[in-house]
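**Student:**
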Amino acid sequence: MKLFIIALIYCFLSANTFAQQGSSEISIGTNHTIHSKILNQDRELQVYLPDNYKDSGKLYPVLYILDGQWYFLNGIAIQKSTRSSHYFPDMIVVGIKTTNPLRRSLYGRNSENFLLFLEKEVIKYVDDNFKTTNTRILFGWENAANFASSVILHEKQIFDAVIVSNGAFASNEEIDAFDALENSTIKYLYIAGSTKDIYSIGYSEAFSNALQEKNPKNLMYKSELFNDETHGSLSYLAMHFGLKHYYHNYLPLNFSSIKDYENKGGIEYLTNYFKERGNRFGLSTEIDDSVKNTLIWLAWSSDNFNSFKYFMTQFSEVLSTRRYASGYWQNRIGQFYLKHKDYDSAIKHFKHGIATFPDARQLKDMYSGLGDAYMAKGDIRKGKQMHRKVKSIQN
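Per mature numbering (1 follows the signal peptide of the UniProt record, and there is no 0), the sequence shown runs over residues -19 to -1, 1 to 376.
1. Considering only residues of the stretch 75 to 144, which uninterrupted alpha helix (DSSP H) runs meet the minimum length of 4 residues and lie entirely inside it, listed in chain order?
2. Tell me the DSSP secondary structure of residue 154 in three-state form.
3. Between the C-alpha atoms of residue 75 and residue 40, what's the straight-line distance to the nearest angstrom?
4. Provide the residue span of the alpha helix (DSSP H) that contains residue 438, from first to last.
5. Closer than 6 Å by C-beta to residue 142: which residues in its own chain qualify, once you throw out the five before and the five after it? Chain order, please.
6. Would you identify the three-state DSSP class for residue -12, choosing helix, strand or coil?
7. If distances are taken between C-alpha atoms only, which option among 304, 363 and 302 comes closest to residue 332?
8. Quick check on the burial criterion: 16 or more other C-beta atoms within 10 angstroms. Buried or exposed for residue 185?
9. Since residue 254 and residue 234 are thought to touch, with beta carbons under 8 Å apart, how far apart are those beta carbons, to the nearest angstrom?
10. Between the alpha carbons of residue 27 and residue 50, how many angstroms are there, rounded?
11. Measure the alpha-carbon distance for residue 303 versus residue 155 and round it to whole angstroms.
12. Taking residue 352 as the reference, which of 330, 340, 337 and 341 has the closest Cα?
13. Under three-state DSSP, which class holds residue 213?
14. Tell me where the alpha helix (DSSP H) around residue 190 begins and ends.
15. Is it true that the stretch 79 to 94 meets the stretch 2 to 16, where meeting means three or more beta-carbon pairs spaced less than 8 Å apart?
16. If you reduce the DSSP assignment to three classes, tell me which class residue 275 lands in.
17. What residues in its chain sit with their C-beta under 7 Å from that of residue 207, if we drop five residues either side in the sequence?
18. Just to confirm, are residue 292 and residue 306 a CB contact at a threshold of 8 Å?
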């Protein structure tokens, strides 16, 4: 106990010393107040702009978060923590504060006015003042989830996707009306619930079952249960997995093995995936270099020479990128060809590595491999010449 008290005193003194050395506030986003003529009240918005927003010429999709007073930071945290994984594009995050007791009325009996407020005032304000695309995603929890569930089915088609947590409900009539829309584009709905959430699980499951039964066209919906979570703990996970549902084909693609690649449809699947991805998000329709590199590596690491040779031919342009611009990679590729008795290809990579990347750490192995390849082809003179090079490097 004495040591524990000393440790506490030390931590307290250290913290005070650090605080005295200098501190500054952490600022995330800006607050905006707009006057709503529709609701006849001032409303508060929170706005987060992605890194490099000011210097970028890009336009950004917008994630609108109902009850921003609670969940605005979730949208920012998800974007920050997944940045290096490229799950989603950079987004503008807009939190819409709605405190009690207004929440129940605005998400319930006054929901048509609230939807009009979102459409005519909030979205207009954001589009007028920030660099936005036409892509809009709406998140709602509890009462806001019920409201948002109806919004994605609404004939106005304001949002491209809705993510709901701990509550989800729309009537059969709303589902049927959406299904009958002639001008509807594909919309996305993600529903997250928990059997421990005794307040909402009944009607959210009923809504999910109705969607499964009716299966309305143009609605890509997914419902998941997280039974370790409760009424108040699910929102972050819901937002994360809801964004992954909408951006399901934004990620360049990953395969765990060559078998995985083949089971998914091989090169045809790969080509179609990137065409659909490019057309949907305005990205390149060409297969991403990272996927080409992954497949080459998977074939090499599993000693699958037929697949390796196919990818090296199919993706030959990737070999001129920076990844392979080293003696290390030219030797590695050459040795693999040599192992599988493709001597001409081995010679090509060894010679390229020696001439272009004369890395002292790799030269010995490349000359040795080159000599072995020549000897295997029956060119004993050249083979011995390359092997003498190895000895000269050793000396």
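C-beta atoms are modelled at their ideal positions from N, C-alpha and C, and glycine is treated no differently.
**Tutor:** Quick look at the numbers:
1. 83 to 88, 92 to 98, 104 to 110 and 124 to 134
2. helix
3. 15 Å
4. Outside the displayed span of the chain (-19 to 376) sits residue 438, for which this structure offers no information.
5. 118, 169 and 227
6. Residue confidence is low: residue -12 scores 37 on pLDDT, short of 50, so the model does not pin down where it sits. Its coordinate-derived value is still stated next. Here residue -12 sits in helix by DSSP.
7. Of the listed residues, the one whose Cα sits closest to residue 332 is 363.
8. buried
9. Rounded to whole angstroms, the Cβ separation of residue 254 and residue 234 is 6 Å, and the two are in contact under 8 Å.
10. 9 Å
11. 54 Å
12. 330
13. Reduced to three states, the DSSP call for residue 213 is coil.
14. Counting along the chain, residue 190 sits inside the alpha helix (DSSP H) bounded by residues 182 to 195.
15. no
16. helix
17. So the list reads 173, 175, 215 and 218, once near-sequence residues are dropped.
18. no
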